[in-house]
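A.B. asks:
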């Protein structure tokens, strides 16, 4: 099993993002990438991908990035985040890359960048988020 | 038709939040309230309502609150927001109240408070968000 | 000594805000108010009070509000904050009220509202901030 | 006059940051760097550089970075920002690099990274901020 498979296997299933269709495409120590195929179900009133979808992707990918640096038996939960929506998203695919900015024993700060991806694979930065995650769970494990 | 019905009728359908089951319960000039029945589909790995769901509710209710103060023919889009997740949500229902903090011709700032609601109607504040919305569309309409 | 005097006495001196001229005007369990007389020294290029000054006031007053709920021997440090600047400030005085939104053993979330105050005491909301503070120090004290 | 001198000359004086001792060290299209020598006057109760100082540096350097991309006769004002304080700063110097994430005709989003700098020039990331700036002023100029 590769290191990425190990990291993926350590990520528990998450019904909400599974339902959206989010899947991780790459993972390493301190970072994670994910992708989502957009559908009409994920849009807001003007037909754009809903800000809540982009926020969910930014948050969930950040959680995976942070989780790669956490001791076994511990996990992360989001304390707060801020997201800037940089352009409307109508692209067929959304891509996210999350990188740990500052790992910590109790608090980890992560940045997520969400891009709209066209059919020919071109990406345009669509959202940027800064997230604070708390590291929780049994210290003794 | 009551003022609330008028305001509701002016809100266009939004597939993503309809799919989540969010519905507006009350609306007035500069504020909006919404409610959502939680389901296992909306949870993250530990069985809590996903941060992305709470962010979506905060954002969408803020959009409705801002929209009540906008001229006909114009609409609002979220520029950015920040949300603090204050406690894990496992409650059967989530409630949100959004209030315009500062309306503007171009930018409106809104605060949303999301509460977990128990079966007997007790509410506990679960998230607080501060959102910046841009007012867009034809000025001349 | 009144309860407010006790709370004030428990706040350690802070050179930077003393230098700005910030002083607390009222304090209670879970909230604090402060005031500042603006001077040309505190302005940015267009003659408005600098965003950094408003952020400092919001942050420091939030710290005092959080400190009123913390056990003896422990103190608070800001983990992160977000501030929306709602209108330019040229008023002779700035006022801030900070309220704890959610106290916690480890993390406290506070909201600060900063107002411009005219000579006849009228206040206009000029900034709103949401702050996360970590509660640190010896648990055993 | 070099391009950096031109950009610097276009930045108007700002009393508050001049008083703190902030000065720009490098500027280019879409980015800016600044430095500050810390003094006891800039500290909070525990002797650390005050969060308000770090926020001011992040904000002001972001403003300069955004200003390098703005048409003559127009200027930028901060709409809102969020800052994560990543470690306590007691270093003799603070350095900031701000980069435009997304320029815009009306709104520019900038990221600022503030580092503590030791006497031998080593830098440790101390704060990261995400800022929204409005581009204002006469369009016709």
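Protein chains in written order, with this note's numbering: chain A, 171 to 311; chain B, 171 to 311; chain C, 171 to 311; chain D, 171 to 311.
Ideal Cβ placement from N, Cα and C applies to all residues, glycine included.
Please read these numbers as outputs of a predicted model, since none were measured by experiment.
Have a look at residue 254 of chain D and residue 280 of chain A and give me their C-alpha separation to the nearest angstrom.
C.D. replies: Straight-line Cα distance between these residues: approximately 10 angstroms.
A.B. asks: Which chain C residues sit within Cβ distance under 8 angstroms of residue 372 of chain D?
C.D. replies: Residue coverage of chain D in this structure runs from 171 to 311, which leaves residue 372 of chain D outside it and unanswerable.
A.B. asks: Under a three-way DSSP split, which group does residue 217 of chain A fall into?
C.D. replies: Coil at residue 217 of chain A, not helix or strand.
A.B. asks: Tell me the rounded alpha-carbon separation between residue 266 of chain A and residue 176 of chain C.
C.D. replies: Computed Cα separation, rounded: 50 angstroms.
A.B. asks: For the alpha helix (DSSP H) that contains residue 144 of chain C, what are its first and last residues?
C.D. replies: Since the displayed chain C opens at 171 and closes at 311, residue 144 of chain C lies outside it and no answer follows.
A.B. asks: If you scan the stretch 197-255 of chain B from start to end, which runs of the alpha helix (DSSP H) of 4 or more residues do you find wholly inside it?
C.D. replies: Those alpha helix (DSSP H) runs which fall completely within the stretch 197-255 of chain B and span 4+ residues are 221-237.
A.B. asks: Looking at the C-beta of residue 257 of chain C, does it have a partner C-beta in chain B at a distance below 9 angstroms?
C.D. replies: By this cut-off, residue 257 of chain C is an interface position.
A.B. asks: Go ahead and pull the three-state DSSP assignment for residue 259 of chain B.
C.D. replies: Correct three-state label for residue 259 of chain B: coil.
A.B. asks: Which chain A residues sit within Cβ distance under 9 angstroms of residue 279 of chain D?
C.D. replies: Residues of chain A passing the Cβ test: 254, 256 and 298.
A.B. asks: Could you give the DSSP three-state label for residue 190 of chain A: helix, strand or coil?
C.D. replies: Reduced to three states, the DSSP call for residue 190 of chain A is helix.
A.B. asks: Under 9 angstroms, do residue 208 of chain D and residue 263 of chain D count as touching if we go by C-beta distance?
C.D. replies: In this structure, residue 263 of chain D lies closer than 9 angstroms to residue 208 of chain D by Cβ.
A.B. asks: Under 9 angstroms Cβ-Cβ, which residues of chain C neighbour residue 250 of chain A?
C.D. replies: By Cβ distance, chain C contributes 249, 250, 252, 279, 300 and 302.
A.B. asks: Are there three or more Cβ pairs, one per stretch, closer than 8 angstroms when the stretch 186-199 of chain B is compared with the stretch 241-259 of chain B?
C.D. replies: No: the two stretches stay apart, fewer than three of their Cβ pairs being nearer than 8 angstroms.
A.B. asks: Which whole-angstrom value is the C-beta distance of residue 195 of chain B and residue 203 of chain B, which I expect to be below 8 angstroms?
C.D. replies: Sure, about 5 angstroms apart at Cβ, within 8 angstroms.
A.B. asks: How would you label residue 199 of chain D, buried or exposed, when you count the other beta carbons within 10 angstroms and need 16 or more for buried?
C.D. replies: With fewer than 16 Cβ atoms within 10 Å of its Cβ, residue 199 of chain D is classed as exposed.
A.B. asks: Please report how far the alpha carbon of residue 239 of chain B lies from the alpha carbon of residue 247 of chain B, in whole angstroms.
C.D. replies: Spanning the two alpha carbons is a distance of roughly 14 angstroms.
A.B. asks: With 16 as the cutoff for other CB atoms within 10 Å, does residue 173 of chain D come out buried or exposed?
C.D. replies: By the 10 Å Cβ count, residue 173 of chain D comes out exposed.
A.B. asks: How long is the line joining the alpha carbons of residue 282 of chain C and residue 233 of chain C, rounded to whole angstroms?
C.D. replies: For residue 282 of chain C and residue 233 of chain C, the distance between alpha carbons rounds to 10 angstroms.
A.B. asks: Using CA atoms only, rank isn't needed, just tell me which of B:184, B:243, B:302 and B:235 is closest to residue 269 of chain B.
C.D. replies: Closest by alpha carbon: B:235.
A.B. asks: Identify, in the order they occur along the chain, each residue of the same chain with its Cβ nearer than 8 angstroms to the Cβ of residue 306 of chain D, setting aside the five sequence neighbours on each side.
C.D. replies: Closer than 8 angstroms at Cβ, skipping near neighbours: 244, 245, 246 and 247.
A.B. asks: If you follow the beta strand (DSSP E) that residue 299 of chain D is in, where does it begin and where does it stop?
C.D. replies: Its beta strand (DSSP E) spans residues 293-307.
A.B. asks: Report buried or exposed for residue 222 of chain B, applying the criterion of at least 16 other Cβ atoms within 10 angstroms of its Cβ.
C.D. replies: Residue 222 of chain B comes out buried.
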